[in-house]
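In the working numbering, the protein residues as written are -8 to 338. Ideal placement from N, C-alpha and C gives every residue a C-beta, glycine not left out.
Here you go:
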């Protein structure tokens, strides 16, 4: 059922997560700013958040536009001055030309491996095309997510105060304890991960600026945002490689040298994150080492995708905490009580 309802549950889960994060802002507007109406407080909060995002975009757009125009001019110059002799010897060019002249598509498709590969790729290509044409459905999903967010923010305090009434009386104490622990772990996790992501983004921006990567500051901050989901910064590698090619075209520096500099930046920042930032910040928050953190992200990510990676560390921390409390400590108490009973009998 979860698999079939995944497309419906994801927008609701994302909206609930955003509502959980933004609810303190709404409470601040309502209580500290004395805006008594809850709906008006939600609207003001959403407008302020949207304005901040729009302001950041307005500040970054001219910088990105200038970098893109500069990169495009460099690419045009690079293509105009491209010399294939720098990359392929005359013999290799001759062999490539001979192969292209003798290439027969019908003969190539006659091989079983090629035919199977084509048959496998065609449905995927069609699904990509159909996915690209379903933008209207995606807009509907986004609109539904916004509605979820607004309604959840309006009723968040009621949900937080009254959910316990839907739990049977005999389980309410345990349920309240569990939810309190989840809330504490989630708050600590988001604060720690936001700090790690901000520091990683600054480090990448500094590293990219040092090596002269086009749009270095923008790309560094972008990777920092990706790092809000642990280890998601790997998605920033392909655009960085493209920017390295642009840098090579601009400066005339060898491509392998720019890629080597990029690899050094990623290696240094990733090592700093894994050896210093994550153990010091997230290790203190979750009580887990880097290996345990990576294993937790892998397991939860395999089970629930991106959502699993978001909830991996707080949920794993909670499970380990309850395991220690209810299993290990209970066994110790049982051993202590048993030994006390034996001593009393002997005495």
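- By the Cβ rule, the stretch 206 to 223 counts as touching the stretch 188 to 197, because three or more pairs are nearer than 8 Å.
- Taking a contact as a CB-CB distance under 8 Å, the pair residue 26 and residue 32 counts as one, their CB atoms being some 5 Å apart.
- Taking each of 298, 307, 314 in turn and checking the Cα distance to residue -3, the smallest one comes out for 298.
- Taking all protein chains shown into account, residue 180 has 16 or more neighbouring C-beta atoms within 10 Å of its C-beta and is therefore buried.
- For residue 205, the three-state secondary structure derived from DSSP is coil.
- In the structure shown, residue 24 adopts coil according to DSSP, grouped into three states.
- The DSSP-derived three-state label of residue -8 is coil.
- Here residue 159 carries a coil assignment [DSSP, helix/strand/coil].
- One thing to note: residue 309 has its Cβ no nearer than 8 Å to the Cβ of residue 174.
- Taken through DSSP and simplified to helix, strand or coil, residue 146 comes out as coil.
- In this structure, the straight-line span from the alpha carbon of residue 185 to that of residue 147 is close to 23 Å.
- Taking a cut-off of 8 Å on C-beta distances, the stretch 49 to 60 does not touch the stretch 159 to 173, as fewer than three cross pairs fall below it.
- By alpha-carbon distance to residue 187, the top candidate from 267, -1, 82 is 267.
- Using a Cβ distance threshold of 8 Å, residue 15 and residue 139 do not count as a contacting pair.
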